[in-house]
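The sequence shown maps to residues 331 to 519 in our numbering.
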Amino acid sequence: MSTASRLRAVEDRRAPIHLLRELTMPLVLAAVVVYLVIGMVTMDVPSNADFPGPRFFPAIIAGVMALLIVIQTVTAVRQWRAGTLVELGEDDDQRRQSDLVVEAGTRARLDVMALAWLVGSFAAFALLLEILGWVIAAGLLFWCIAHAFGSRRHLLDLVVGLTVSSVAYIAFDMLLGLSLPSGILGWGF
């Protein structure tokens, strides 16, 4: 690789679009954190609620997510400033328009369909939680997220999702005394 093409590759690695691609997931996660915090702040909590209360676990989740967002953002900015976010070779000039090539030589790209499955499944979960209830809605959410991450064992994913959501429903109801929406499963009872 000539000196001129090396300089061009370093300049290309510092293009703002590369940083923006790396910051897509932290921005999506930040929106989820903001949604959680708004939900916690606007939540009606009875004055006689015992510790840990209904805000405790969402606060832990929001805090951990915020920490991960900061770590991922700092890492992406450092790599972008150092010019190591993208490593190009001479034969990669055509591919650089659509894909990022990571320093180790493997390709990294934004999977738009997976992101759409993730965002869509969380939106559907939020909209259908009261109607379907926790067990069914959370089971379907698990199935959708497994599908977004590439699992093709649909029946197994659905069974695992419904099992985990049922155990969570029982744990919240019996151990914490918090009731989750029962939806269509509770209408006849």
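Positions of the beta carbon are idealized from the N, C-alpha and C atoms, including for glycine.
CA-to-CA distance, ASP374 to LEU398, given in whole angstroms: The C-alpha of ASP374 is placed about 28 Å away from the C-alpha of LEU398.
Let's test the definition: count the other Cβ atoms within 10 Å of the Cβ of HIS348 and tell me whether it reaches 16, buried, or not, exposed. Per the 10 Å Cβ criterion, buried.
Given a threshold of 16 other Cβ atoms within 10 Å of its Cβ, counted over all protein chains shown, does PRO356 qualify as buried or as exposed? buried
With a Cβ-Cβ cutoff of 9 Å, do ALA392 and VAL358 count as a contact? no
Taking THR354 as the reference, which of PRO376, VAL442, ARG411 has the closest Cα? VAL442
Measure the alpha-carbon distance for GLY413 versus ALA444 and round it to whole angstroms. Each residue's alpha carbon lies about 27 Å from the other.
Use the C-beta contact count for TYR365: other C-beta atoms within 10 angstroms, 16 or more gives buried, fewer gives exposed. exposed
Please list, in chain order, all residues of the same chain as VAL363 whose beta carbon is under 6 Å from its beta carbon, the five residues on each side excluded. So the qualifying residues of the chain are ALA392, MET395, ALA396.
VAL375, DSSP secondary structure in three states: coil
Boundaries (first-last residue) of the alpha helix (DSSP H) holding PRO346: Looking at the DSSP string, the run of the alpha helix (DSSP H) that includes PRO346 is 346–352.
Are the beta-carbon atoms of VAL490 and ALA476 separated by less than 9 Å? Their beta carbons are under 9 Å apart, which means VAL490 touches ALA476 by this criterion.
Span of the alpha helix (DSSP H) around ALA389: 386–412
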